[in-house]
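Single-structure report; data block below.
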Amino acid sequence: MAHLLTLTDLSLAEITSLLDEAEEFSEGKYWRAPELFFVANLFFEPSTRTKCSFEVAERKLGLQVIPFDADMSSVQKGETLYDTIRTLESIGVGAVVVRHPEDQYFEALRDSIAIPIINAGDGCGHHPTQSLLDLMTIRQEFGAFRGLTVAIVGDIRHSRVARSNAEVLTRLGATVLFASPDEWKDDTNQYGTYVDLDEAVQEADVIMLLRIQHERHEEKMGLARKQYHERYGLTVERAKRMKDRSIILHPAPVNRDVEIASCLVECMQSRIFKQMENGVYIRMAVLKRAVERGMENGNHLKKWQVVQ
Amino acid sequence: MAHLLTLTDLSLAEITSLLDEAEEFSEGKYWRAPELFFVANLFFEPSTRTKCSFEVAERKLGLQVIPFDADMSSVQKGETLYDTIRTLESIGVGAVVVRHPEDQYFEALRDSIAIPIINAGDGCGHHPTQSLLDLMTIRQEFGAFRGLTVAIVGDIRHSRVARSNAEVLTRLGATVLFASPDEWKDDTNQYGTYVDLDEAVQEADVIMLLRIQHERHEEKMGLARKQYHERYGLTVERAKRMKDRSIILHPAPVNRDVEIASCLVECMQSRIFKQMENGVYIRMAVLKRAVERGMENGNHLKKWQVVQ
Amino acid sequence: MAHLLTLTDLSLAEITSLLDEAEEFSEGKYWRAPELFFVANLFFEPSTRTKCSFEVAERKLGLQVIPFDADMSSVQKGETLYDTIRTLESIGVGAVVVRHPEDQYFEALRDSIAIPIINAGDGCGHHPTQSLLDLMTIRQEFGAFRGLTVAIVGDIRHSRVARSNAEVLTRLGATVLFASPDEWKDDTNQYGTYVDLDEAVQEADVIMLLRIQHERHEEKMGLARKQYHERYGLTVERAKRMKDRSIILHPAPVNRDVEIASCLVECMQSRIFKQMENGVYIRMAVLKRAVERGMENGNHLKKWQVVQ
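Quick mapping for you: the protein sequence lines, in order, are chains A, B and C.
Just so it is clear: in the first sequence, position 177 is 177 by full-length UniProt numbering, and no numbers are missing.
Just so it is clear: in the second sequence, position 294 is 294 by full-length UniProt numbering, and no numbers are missing.
Just so it is clear: in the third sequence, position 211 is 211 by full-length UniProt numbering, and no numbers are missing.
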């Protein structure tokens, strides 16, 4: 399949291959699409970093990026996502990157759209390039995943990152711990064990903080920022009890002094901005895969019949 | 004139020449602007397909596209369209593509703006590149226009497509039929004969469906979608009575199961996505014309006097 | 310092060097960034001309422009400007252009952001590229600044242009006159002498009109447009009393028949559109400086520690 919708769709071999290729891109590997290849980034939710990261990756591969403004689009006129993407395909776009607020928006498209779809986040569902960049950052530190303990901390229930990462880290042989307020526990996610935050911080090799998505979940925690930080955040005090070689990850944007003390964002153990850098290399690898597979599918533009 | 504002401005020879050039682009013809040439797409109304189609065409010709966000522009500060375009001209933009909600917005600009303006839709007025891509799609099927019967179906009164196409198809020797609810008939359009929808479907070589522009016209039809579809839409039942070689066109975005049964959108007789593909080639031809004429006008940037 | 935040930060030698380079660009000088260099334009306020002008300048230098939509950005999620720019830096952006409604937004960034920041306007504060293009336009006419009389007319208090220009013109040896309604006088600006508008018009070599920023200042003048024009605008009558070689500048967008009679906008003495053209060359010079200094800083992406 040319799409990249969830990491669950990928074998460990495919995941490793994407990580290897991303690593090569981080070391300066040069690869360019062999012809004028158009992509469009369809972002139906705000996101600076993911959209810009894809844009940089696309330009580095020499792709032509067609601007797509979801606010100005015909989706405003009630057009389905299928029709929007088929339209883009018809005008010559060879792959699309989609961020959409609806969980699994892509199930209606998986078998009906011929050009590769790269999922850049679906509702509370998946975010495969974020997971891959987390994996890349972890592998750069520790060389492998087997035997590592990864604590995922925060709003487990509404997090795409928690969902994607717990599954793939377990598959890769890591042990996953969850630390979360009761309201945000996720009984449907079987890939981690809930522990106390202080225990998680002390045992983990990787502390993966989640963003409090004020703009997404509807329940209110009823806690002031400061209270939340004390109870469920990575405070300076807690950070002192981390293991020596442990690292801190966060998908960003960070709510400073909520999920993490502001002064820890760029501390020695933080890889938060390193994750962003790695995101570009991951997206280059994922886009290269899409371009190559999209071109194998080939000539999709020739399929309309012309009566002679 | 370097502008392309309405098809009425063009002779049949000019129209044929644009169609021929678009056909060559569809077959892979390569043409590039001979120097760094800037264009801007000024869309004061939402439109995925037209804007993206122009973008792809522009990139294929090697043009530099300057992003222009109408929402963020100085038009918000009360600036006239003339001043906006003169500004773009001053900073080096060599041609503009304009979509605007006001009918004939371009009359105030026609003689005062030196760089080519390509009209990408004015209110309920004209949409010349849409008409040209319709003509291209028809000519690909039938080789010529004389003797063809083209039925234009739906909201005749508010449609740019009905207006532009009826006039040019009549000029090209085709017979135009209109089928429309009474509320949407257009007494000012003399280029077609009103007939019953069922008659139109059976007689036409080309069934050109119009979009119900919920966002544009103010009158309500007072019909549920399903009722409208039964009375005025291309149902599966009606489609069975089409002539064997007849084709279906629609300017899109389609309201599925309103103007046309959803299952017909990609049926054998539909050229809806083919139209979109052709739109890119038409826009390449139109842009090439603008670039060539814009460069003949030349050196417009040198016209400010510098006192020595 | 690689940033360009205010003209006050620059020595006269640096200013002259930027003007000289811009002049060379206006004469066709070719300079390209030596490698794939990414920039982003962060516009948190509407502005057609400044944003498009930077875009054209960036493309002319072969820079890769990463689209950034402030409305869709994580700033909507409460992210700080520091984190936004650090994010862009992390994904490989080498310089940013920022327009922001807050005065001196850049003070929090000046020492903490490694990549060059080009200030494209801060609140009622500074707008250095606008000032430079004004200087360039004046120097093209008169060859030098010493001995010139420059009248700045209009809303002195809320104008970035008045603030930047009065200081730098005084430093360059020009005499600055202000003409303004009482409500808009600025006691904190010591670089000009308030005179009557009619006196200003007759004495000035350069009449620099300011925009009435309806969207910015909160006080209302309580005058109809026509009244304002008669009392404080450049009317046809007043223009007749200008000196022979005097010129008219305006930062645009122009409120026609308010600050200036509509028929004067493109008159022989107006350099309003010439200013816009010069803006592109100024921005090319400023961007070239940023690229060169940004590359000297070098390898900022390598600063995250990877524990081996």
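Quick reminder that beta carbons are idealized off the backbone N, C-alpha and C, glycines included.
Quiz item: Which runs of the beta strand (DSSP E), 3 residues or longer, sit entirely within the stretch 112-166 of chain B?
Solution: 117-122, 149-153
Quiz item: Can you find a CB in chain C that lies within less than 8 Å of the CB of Asp182/B?
Solution: no
Quiz item: On the premise that Leu210/A lies in contact with Val153/A, defined as a C-beta separation below 8 Å, what is that separation, rounded to the nearest angstrom?
Solution: 6 Å
Practice problem: Taking only beta carbons into account, state which residues of the stretch 84-116 of chain C come closer than 9 Å to chain A, listed in chain order. | Solution: Thr84, Arg86, Thr87, Leu88, Glu89, Ser90, Ile91, Gly92, Val93
Practice problem: Output the distance between the C-alpha atoms of Arg271/C and Ile115/A, rounded to the nearest integer angstrom. | Solution: 51 Å
Practice problem: Output the boundary residues of the alpha helix (DSSP H) element that contains residue 316/C. | Solution: One cannot answer for residue 316/C here, as it falls past the ends of chain C, which runs 1 to 308.
Practice problem: For the beta strand (DSSP E) holding Phe38/B, just list the boundary residues, first then last. | Solution: 38-43
Quiz item: If Val206/A and Leu287/A are in contact, beta carbons under 8 Å, what's the gap, nearest whole angstrom?
Solution: Wrong, their Cβ atoms sit about 26 Å apart, outside the cutoff.
Quiz item: For His158/C, which of Val150/C, Asp182/C, Leu197/C has the nearest alpha-carbon?
Solution: Asp182/C
Quiz item: What residues of chain C sit near Met276/A, judged by a beta carbon separation below 8 Å?
Solution: Thr87, Ser90, Ile91
Practice problem: Examine chain C for any beta-carbon lying closer than 8 Å to the beta-carbon of Glu292/B, and answer yes or no. | Solution: no
Quiz item: Would the beta-carbon of Val56/B fall within 8 Å of that of Gly92/A?
Solution: yes
Quiz item: With a Cβ-Cβ cutoff of 8 Å, do Cys124/C and Asp103/C count as a contact?
Solution: yes
Practice problem: Could you pull the start and end residues of the alpha helix (DSSP H) that Met276/B belongs to? | Solution: 272-297
Exercise. Could you tell me whether the stretch 21-39 of chain C touches the stretch 10-19 of chain B, where touching means 3 or more Cβ pairs closer than 8 Å?
Key: no
Quiz item: Mind listing which residues of the stretch 29-49 of chain C have their C-beta closer than 9 Å to chain A's C-betas, in chain order?
Solution: Leu36, Phe38, Ala40
Quiz prompt | Buried versus exposed, by CB contacts within 10 Å (16 or more), His3/C | solution = buried
Quiz prompt | Ser90/C Cβ short of 7 Å to the ligand NAP heavy atom set | solution = This structure lacks the ligand NAP; in fact it carries no ligand of any kind.
Quiz prompt | Ala204/C: contacting residues in chain B (beta-carbon distance under 9 Å) | solution = Correct list: empty, because the minimum Cβ distance to chain B is about 15 Å.
Practice problem: Go ahead and label Val291/C buried or exposed: buried means 16 or more other beta carbons lie within 10 angstroms of its beta carbon, across all protein chains shown. | Solution: buried
Quiz item: Ordered along the chain, which non-local residues of its own chain (more than five positions away) have a Cβ less than 7 Å from that of Val307/A?
Solution: The predicted position of Val307/A is uncertain, since its pLDDT is 34 and thus under 50; no value can be drawn from it.
Practice problem: Reducing DSSP to helix, strand and coil, say where Leu249/C ends up. | Solution: strand
Exercise. Kindly confirm or deny that the stretch 34-52 of chain B and the stretch 14-21 of chain C touch, where touching means at least three C-beta pairs closer than 8 Å.
Key: no
Practice problem: List the DSSP bridge partners of residue 311/B. | Solution: For chain B, the structure presents residues 1 to 308; residue 311/B sits outside this window and is missing.
Practice problem: Answer with yes or no whether the minimum CB distance from Val280/C to chain E is below 8 Å. | Solution: Among the protein chains in the structure shown, which are A, B and C, there is no chain E.
Quiz prompt | Cβ separation of Ala151/A and Ala179/A, assumed to be a contact under 8 Å, to the nearest whole Å | solution = 6 Å
Exercise. Could you tell me if Val258/C is buried or exposed, where buried requires 16 or more neighbouring beta carbons within 10 angstroms of its beta carbon?
Key: buried
Practice problem: Just the C-alpha distance for Lys226/C and Gly192/C, rounded to the nearest angstrom, thanks. | Solution: 27 Å
Exercise. To the nearest angstrom, report how far apart Tyr228/A and Thr235/A are at their CA atoms.
Key: 10 Å
Self-check item: Contact list for the stretch 53-72 of chain A against chain B, Cβ threshold 7 Å
Solution: Gln64, Ile66, Pro67, Phe68, Met72
Quiz item: Of the residues that make up the stretch 244-260 of chain A, which ones have a beta carbon closer than 8 Å to any beta carbon in chain C?
Solution: Arg245, Ile247, Ala252, Pro253, Val254, Asn255, Arg256
Self-check item: Cβ contact (3+ pairs, closer than 8 Å) linking the stretch 76-86 of chain A and the stretch 247-267 of chain B
Solution: yes
Quiz item: When you compare only the Cα positions, how much space is there between Cys267/B and Arg283/B?
Solution: 26 Å
Quiz item: What residue from Phe37/B, Arg238/B, Thr137/B, His126/B has the CA that sits closest to Phe273/B's CA?
Solution: Thr137/B
Self-check item: Where Asp187/A falls, given that 16 or more other Cβ within 10 Å makes a residue buried
Solution: exposed
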